[in-house]
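If you read the sequences in order, they're chains F and U.
Counting in numbering that gives the first Met the number 0, the first sequence runs from 0 upward without gaps.
Counting in numbering that gives the first Met the number 0, the second sequence runs from 0 upward without gaps.
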Amino acid sequence: MTNATGAATRVGLFATCLVDLYRPSVGFATAQLLEAAGCDVDVPAAQVCCGQPAYNAGDRANAAAIARQTINAFDGFDYIVAPSGSCAGMLRHHYPDLLADDAAYAARARAVADKTWELIAFLVDVRGWADIDARWHGTVTYHDACSGLRELGVKDQPRQLLEQVDGLELRELDAPDVCCGFGGTFCVKYPDISGAMVDNKTDDIVQTGAGTVLAGDLGCLMNIAGRLSRRGETVEARHVAEVLAGMTDGPAIGGARSS
Amino acid sequence: MTTQQTSLEFSRNADRALADADLQSALEKLQRDSRLARPVITGRLPEFEALRDRAVAIKNHTLAHLDHYLEQFETNVTEAGGHVHWCNDDAGARDTILQICRDTGARAVGKGKSMVSEEIHLNDFLIENGLEVVETDLGEYILQLREETPSHVVMPAIHLKKEQIATTFRDHHTELDPARPLDAPSDMTEEARIKLREKFLAADVGITGANMLIAETGSIVVVTNEGNGDLTQTLPRVHIVIAAIEKVVPRVDDALSVLRILARSATGQEITCYTTFATGPKRPNDLDGPEEFHLILLDNGRTKLLEGEFRDVLRCIRCGACQSACPVYGAVGGHAYGGVYGGPIGAVLTPALDGIEDAWPLPEASSFCGSCEAVCPMRIPLPGLMRRWRDVAHSEKLNKAGTRRGLTLWAWAAQRPKLYRTGARIVLSVLRGLGGRRGSLRRAPLAGGWTASRDLPAPEGGTFVDQWQKSRRAQARK
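Written as structure tokens, this is what we have:
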């Protein structure tokens, strides 16, 4: 549980803009899981966003500027971990492409890419950690967020960890790997298509009979939670880190506040 | 749908498609069937991934030496007694085909399914010039009766339900008994079979596409499930093949490798019912075959693609797997894309064929879920290529000014973390207030796109970074 110099492994927690702004509790759950896995966690204040909105809109100049800012904030850590496959995928696969022609940053981008991980894959694949101390009495279903699944191969890891949560029963979706229709700015550029996609996902979720839907990406979860709420469904949505860290006292995503 | 929809109106086309109940049920079935079929078909072939790699390597090699293999192909076609016609663009190909038809005194043309003939709008042109043209692929025949275009590259009429097809047959085959049963698909295929048999026998010229061209033998490969390709190429006196230049592969062995992944990716079959290798016209001792064999080698923008960053798309073997797997295609169908090709492959090809200024909404219409790239047998990085088109559209300022302004403002703030944080605190507290006890918003300022079909979850309050720093400072004081 130490790095090459003998000190504890230093992890820079890249919260992602959505967790930072919308659901700080996922950030705290992430930090708790990383600390439980023996890491020394820090949260650089200069972090903002991974730059995907600009990158996927064809604005490479702004995307590169944001990428350089992220690299400056994070490249001193042993690892960079994000509770999101989408944002971790951006650092891991797209920063090197974006900065390939930038003499000062190309090598740094590749180094950052090599040490960036999605949270759950990091816990399982890098830390070999499975020391879950969480209870959840109820049924859940799990949505495989696209970038984590197809860019980073996050598929079995969350299921391995969820299996160990005391009392939790996982009911698989009919099509867990089909996109929920979030897609970053896609959902506001093409709201009707996105709406049809999230409606299919919602149907699938409701059919499992599970009380809660989990996923590893807050964008998808906000999309799904928003549609569940609009349809008046009682299924709740939470980030998988909340359940694994046992931090489920607060309201679910978009859920009513108790006080 | 006699009027062709345009790519620039993708959003409006999509809304219409979403409201079309028949289309939605047809698309749901396509999505479900292809999702269930894929693991079965790839699971039965453990070397499927290795075959994909091999096919990619074959195509990359061919594209790197395309001039060589095309010339070798031409030499071998000519030696076999055929004629190769090099055509730069759609107009050149149309004129060449018309001239061949006129030279042979043709009146009736039978056509096999060919996407590249859609690309050059061949049928309308030949009909305008006095020829009778009949599509012989069942799906394409139905579409020709309905005056529609294919909505999927291998299942052209997948947007239709069988009841709609029965109605089309009753409307057009008026000489048949109006009370005949057309409930089962077999009733309809039998009827089409009878109608098409007359056409096969009457055709003076047969026009087909080609799934591959084999350089070392000068052969063409045509795969179908109905055998119509074979009747189209062997019965008429003249056979004209139209194929784009990227269809060439070096050797017979390479063609076999590609065939092993083609049908599996396209329809979930191990192999199509008919796979035909044909070389040149009928030889003296052959029992059948055309007397004349012409091959139209069409560029239509391929050479330009070969030079640039979209080169990978030339590996495409037109299997349609990306379309069947795409959730956006699955929501709106192929016609909404406006161009000849719908779905992910269309989002990459249509801007190349029609110009990005006439097709920029297509590469935007993706959630970048990556399903297309995951299933593409040729491993074409479709999302990456769509993103490249977005780069072009952005730099040419083709997308909406409002979207660009919003993005610029956001990007400006995102590069000033302190300012960004101050702004975020204000916005978050407003949103949290609007969310109230309910915890979510039914409407929110500037979020009409989001709230059209879903609530906006209210933020928990405060930012994670602020709270983290506060808690760490508190710990440090202890």
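We put the beta carbon where it would ideally sit given N, CA and C, even for glycine.
Quiz item: Using the C-alpha atoms, what's the distance from U/Ile219 back to U/Thr302?
Solution: 21 Å
Quiz item: Exposed or buried, what is U/Thr2 when buried is set at 16 or more other beta-carbons lying within 10 Å of its beta-carbon?
Solution: Below a pLDDT of 50, predicted positions are generally treated as unreliable, and U/Thr2, at 49, falls in that range; the measurement from the model is reported next regardless. Label assigned to U/Thr2: exposed.
Self-check item: Where the stretch 312–328 of chain U meets chain F: residues whose CB sits under 8 Å from a CB there
Solution: If the cut-off is 8 Å between Cβ atoms, the stretch 312–328 of chain U has Pro326 and Val327 near chain F.
Quiz item: Can you tell which of F/Val242, F/Gly194 and F/Gly254 has the C-alpha that lies nearest to the C-alpha of U/Thr450?
Solution: F/Gly194
Quiz item: Which whole-angstrom value is the C-beta distance of U/Phe276 and U/Leu234, which I expect to be below 8 Å?
Solution: At roughly 18 Å, the Cβ-Cβ gap does not stay under 8 Å, so U/Phe276 and U/Leu234 are not in contact.
Exercise. Would you please state the rounded distance, in angstroms, between the beta carbons of F/Thr69 and F/Cys49? I believe it to be under 8 Å.
Key: 6 Å
Quiz item: So, using beta-carbon positions, are F/Gly26 and F/Val18 closer together than 8 Å?
Solution: yes
Quiz item: Just by C-beta distance, which residues in the stretch 3–20 of chain F are closer than 7 Å to chain U?
Solution: Sequence-ordered contacts of the stretch 3–20 of chain F with chain U read Ala14, Val18, Asp19 and Leu20 [C-beta pairs closer than 7 Å].
Self-check item: Helix, strand or coil at U/Trp411 according to DSSP, with G and I counted as helix
Solution: helix
Quiz item: With which residues is F/Asp41 paired in a DSSP beta bridge?
Solution: F/Gly11
Quiz prompt | Outcome for U/Ser470 when other beta-carbon atoms lying within 10 angstroms are tallied against a minimum of 16 | solution = exposed
Self-check item: Amino acids of chain U, ordered along the chain, whose beta-carbon sits closer than 8 Å to that of F/Cys178
Solution: Pro326, Ser366, Cys368 and Ser370, listed in chain order.
Quiz item: Does DSSP put F/Gly166 in a helix, in a strand, or in coil?
Solution: strand
Quiz prompt | U/Thr462 at chain F interface by Cβ criterion, 8 Å | solution = yes
Quiz prompt | Contacting residues, own chain, Cβ-Cβ under 8 Å from U/Leu427 (five flanking each side not counted) | solution = Pro458, Gly460, Gly461 and Thr462
Quiz item: DSSP state of U/Trp85, grouped into three classes?
Solution: Three-state DSSP puts U/Trp85 in a strand.
Practice problem: Determine, using beta-carbon pairs with one atom in the stretch 172–188 of chain F and one in the stretch 138–146 of chain F, whether at least three such pairs fall under 8 Å. | Solution: yes
Practice problem: Scan the stretch 225–236 of chain F for residues whose Cβ lies nearer than 8 Å to a Cβ of chain U and list them as they occur along the chain. | Solution: Gly225, Arg226, Ser228 and Arg229
Quiz prompt | Cβ shell of F/Val205 (< 7 Å), same chain only, five flanking positions each side left out | solution = Glu232 and Val234
Quiz item: Looking at the C-beta of U/Asp357, does it have a partner C-beta in chain F at a distance below 8 Å?
Solution: no
Self-check item: Complete runs of the beta strand (DSSP E) confined to the stretch 198–278 of chain U [at least 3 residues]
Solution: Complete beta strand (DSSP E) runs here, min 3: 204–207, 211–213, 218–223, 237–243 and 273–278.
Quiz item: How close, in whole Å, do the beta carbons of F/Val197 and F/Gly180 come, if the pair is a contact with beta carbons under 8 Å?
Solution: 4 Å
Quiz item: What are the uninterrupted segments assigned as alpha helix (DSSP H) that are 4 or more residues long and contained completely in the stretch 357–415 of chain U, given in chain order?
Solution: 360–363, 370–374, 381–394 and 400–413
Practice problem: Return the chain-ordered list of same chain residues with a C-beta closer than 6 Å to the C-beta of U/Ala105, the five sequence neighbours on each side being excluded. | Solution: For U/Ala105, same chain residues with a beta-carbon under 6 Å away, outside a window of 5 residues either side, are Asp203 and Val204 in chain order.
Quiz item: With distances taken between CB atoms, is the gap from F/Asn55 to U/Arg453 smaller than 8 Å?
Solution: The beta carbons of F/Asn55 and U/Arg453 sit no closer together than 8 Å.
Quiz item: Looking only at C-alpha atoms, which of U/Pro280, U/Ile295 and U/Leu294 sits nearest to U/Asn288?
Solution: Going by the sequence as given, residue 288 of chain U is Gly instead of Asn. Relative to the Cα of U/Gly288, the nearest Cα in the group U/Pro280, U/Ile295 and U/Leu294 belongs to U/Pro280.
Quiz item: For the stretch 51–111 of chain U, which segments carrying the beta strand (DSSP E) assignment without a break, of at least 3 residues, lie completely within its bounds, in sequence order?
Solution: 82–86 and 107–110
Quiz item: Grouping DSSP H, G and I as helix and E and B as strand, with all else coil, what is F/Trp116?
Solution: Collapsing the DSSP output to three states places F/Trp116 in a strand.
Quiz item: Under the rule that 16 or more other beta-carbon atoms within 10 Å means buried, what is F/Pro23, buried or exposed?
Solution: Flag for F/Pro23 reads buried.
Quiz prompt | chain F contact for U/Trp85 (CB, 8 Å cutoff) | solution = no
Quiz item: Between U/Glu291 and U/Val237, is the Cβ-Cβ spacing less than 8 Å?
Solution: A distance below 8 Å separates the beta carbons of U/Glu291 and U/Val237.
Quiz item: When the cut-off is 8 Å and only beta carbons count, does F/Asn55 lie next to chain C?
Solution: Note that chain C does not occur in the displayed structure, where the protein chains are F and U.
Quiz prompt | Supposed close pair U/Ile213, U/Ile295 - CB separation, criterion 8 Å | solution = With a Cβ gap of about 17 Å, U/Ile213 and U/Ile295 do not count as contacting.
Practice problem: State yes or no: is the C-beta of U/Ala335 within less than 8 Å of the C-beta of U/Ala20? | Solution: no
Quiz item: Just the Cα atoms here: how many angstroms apart are F/Val42 and U/Arg472?
Solution: If you take the alpha carbons of F/Val42 and U/Arg472, they lie about 13 Å apart.
Practice problem: Just the chain F side, please: which residues come within less than 8 Å of U/Pro416 by C-beta, in chain order? | Solution: Ala44, Ala45, Gln46, Val47 and Gln68
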